[in-house]
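>
Numbering (the working numbering), first residue to last: 10 to 388.
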């Protein structure tokens with residue numbers, strides 16, 4: 010019987026307990042410290058089931074969504090740290106196969122372990138008794154099918170060669186609901202989420218999660234890209250400068266800024282902050298102190314999300330229901346306003362923008378679900 014299971018657990022104490030229990034159950038347990046580690050070794054481990062420790066980061070709901078995206082049929086069983094029937098029902102509605110209530114014992118985990126293996130190991134057998142009596146007919150049918158397949162293959166490859174290619178996807182759903190910042194990198198997209206206090210790096214092509222960086226001391230409200238680093242703004246008004254390494258190492262931080270910004274960007278020369286509540290745009294020096302040079306008033310109706318590039322300032326304006334383009338030299342003058350069809354959804358709240366290679370990227374939430382989409386830059 011295929012008895013390999015994967016356990017996502019950061020606590021050394023809990024890993025020791027679970028290692029002993031599953032060893033006695035005859036399971037081959039593979040442990041991962043977090044979701045990123047689990048996804049990295051998933052293909053090699055090929056587990057029959059996955060057990061997730063509840064109460065760790067990222068939340069179990071996010072881990073369930075990402076694991077179901079990678080392997081939609083594998084049994085995923087959260088390990089609850091306290092007995093909570095309501096919590097178990099919520100997780101099963103979110104896609105959990107079952108939940109293990111605390112305390113974890115061999116008697117409690119054995120039925121779940123066996124049931125998970127039975128589900129993943131179920132096989133189907135075909136009754137070929139009736140087929141054997143029709144071998145001649147099947148042989149003739151097979152010959153006809155081969156001829157038809159050859160003809161169809163020629164048609165298919167001809168169509169594939171001359172037909173138009175499918176339009177690439179430009180909208181992606183996120184497995185978290187409160188995005189606050191977005192940075193476009195060479196082959197990936199970095200997004201901050203204030204609720205889970207984390208940075209998520211996605212593959213730019215299919216938007217699968219590549220890694221998750223937890224920020225236990227920071228609640229992020231904005232991201233800004235630099236040449237070889239990025240800035241992260243928090244709810245306390247402090248803006249941190251971080252490196253794009255595996256741990257997003259912090260190299261400096263500013264004193265608390267006022268007003269507290271919820272938007273930020275770097276135009277290649279100056280650093281800009283935006284406060285959607287007051288509608289203020291502040292031009293700053295890009296040093297560690299981010300010293301203010303001049304303050305401007307946003308010229309649109311309502312400042313929703315904000316970014317810039319080396320040529321323009323950009324803002325998503327829910328009052329104008331469009332994308333506003335402004336001059337770097339005259340921020341209080343609107344160059345153009347382009348309608349955003351996405352604002353037809355009255356539940357949509359755009360929270361962050363990014364400009365890269367002729368495209369404007371948007372992120373926000375609608376009906377409690379995070380999303381990302383991009384549009385060609387308006388001329």
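Yeah, the Cβ is synthetic: ideal placement off N, Cα and C, and Gly gets one too.
Looking only at its chain, what residues have a beta carbon closer than 6 Å to the beta carbon of residue 202, apart from the 5 residues adjacent to it on each side?
Result list for residue 202: 185, 187, 188, in chain order.
> So the candidates are 299, 76, 310; which of them puts its Cα closest to the Cα of residue 50?
Of the listed residues, the one whose Cα sits closest to residue 50 is 76.
> Which residue comes first and which comes last in the alpha helix (DSSP H) that contains residue 82?
From DSSP, residue 82 is part of no alpha helix (DSSP H); its letter is neither H nor E.
> From which residue to which residue does the beta strand (DSSP E) around residue 61 run?
Start and end: 58-62.
> Return the residue from the list 293, 122, 112 that minimises the CA-CA distance to residue 56.
When only C-alpha atoms are compared, the closest one is 122.
> List the endpoints of the continuous beta strand (DSSP E) containing residue 382.
From DSSP, the beta strand (DSSP E) with residue 382 extends over 378-385.
> Just mark residue 256 as buried or exposed, buried being the case when its beta carbon has 16 or more other beta carbons within 10 Å.
Label assigned to residue 256: exposed.
> So is residue 220 buried or exposed if we call it buried at 16+ other beta carbons inside 10 Å?
Looking at its Cβ environment, which holds 16 or more other Cβ atoms inside 10 Å, residue 220 is buried.
> Ordered along the chain, which non-local residues of its own chain (more than five positions away) have a Cβ less than 6 Å from that of residue 45?
If we look at residue 45 and ignore the five residues flanking it on each side, its Cβ neighbours are 220, 221.
> For residue 322 and residue 382, I'd like the C-alpha separation in whole angstroms.
Straight-line Cα distance between these residues: approximately 19 Å.
> DSSP on residue 360, reduced to helix/strand/coil?
If DSSP states are grouped into helix, strand and coil, residue 360 belongs with the strands.
> Within 10 Å of its beta-carbon, does residue 316 have 16 or more other beta-carbons around it, so buried, or fewer, so exposed?
Counting Cβ neighbours within 10 Å, residue 316 comes out buried, since at least 16 surround it.
> Can you pull the DSSP bridge partners for residue 190?
201.
> Going by the beta-carbon positions, is the gap between residue 385 and residue 368 smaller than 9 Å?
Yes, these two residues count as a Cβ contact at 9 Å.
> Going by other Cβ atoms of all chains shown within 10 Å of its Cβ, with 16 needed for buried, is residue 106 buried or exposed?
Answer is buried; the Cβ neighbour count reaches 16.
> Across which residues does DSSP place residue 223 in a beta bridge pair?
For residue 223, which the question treats as bridged, DSSP gives the partners 207.
> Hey, quick one: how far does the beta strand (DSSP E) through residue 101 stretch, first residue to last?
Counting along the chain, residue 101 falls outside any beta strand (DSSP E), though it belongs to the alpha helix (DSSP H) covering 94-102.
> Give the single residue among 250, 246, 278, 282 whose Cα lies nearest to the Cα of residue 269.
Among 250, 246, 278, 282, the Cα nearest to that of residue 269 belongs to 246.
> Looking at C-alpha atoms only, which residue of 314, 306, 309, 275 is the closest neighbour of residue 299?
The residue with the shortest Cα to Cα distance from residue 299 is 275.
> Counting only beta-carbon separations shorter than 9 Å, does residue 69 have a partner in chain D?
No chain D is part of this structure, which consists of one protein chain only.
> Would you call the region 67-83 in contact with the region 195-213, where contact means no fewer than 3 C-beta pairs closer than 8 Å?
Counting Cβ pairs under 8 Å, three or more are found: they touch.
> Using the Cα positions of residue 330 and residue 352, report the straight-line distance between them to the nearest angstrom.
Going by the C-alpha atoms only, they are around 6 Å apart.
> Check residue 346 in the structure and name its three-state DSSP category.
It is a strand residue.
> Considering only their Cβ atoms, is the gap separating residue 89 from residue 110 smaller than 9 Å?
Yes; because the gap between Cβ atoms is below 9 Å, this pair is in contact.
> Within 10 angstroms of its Cβ, does residue 191 collect 16 or more other Cβ (buried), or is it exposed?
It is buried - the Cβ of residue 191 has at least 16 other Cβ atoms within 10 Å.
> Is it buried or exposed for residue 374, if we count other Cβ within 10 angstroms and need 16 for buried?
Result: buried.
> Counting only runs of 3+ residues fully inside the region 268-341, write out the beta strand (DSSP E) ranges in chain order.
For the region 268-341, whole beta strand (DSSP E) runs of length 3 or above, ordered along the chain, are 272-275, 280-284, 289-293, 301-306, 314-317, 321-326, 331-336.
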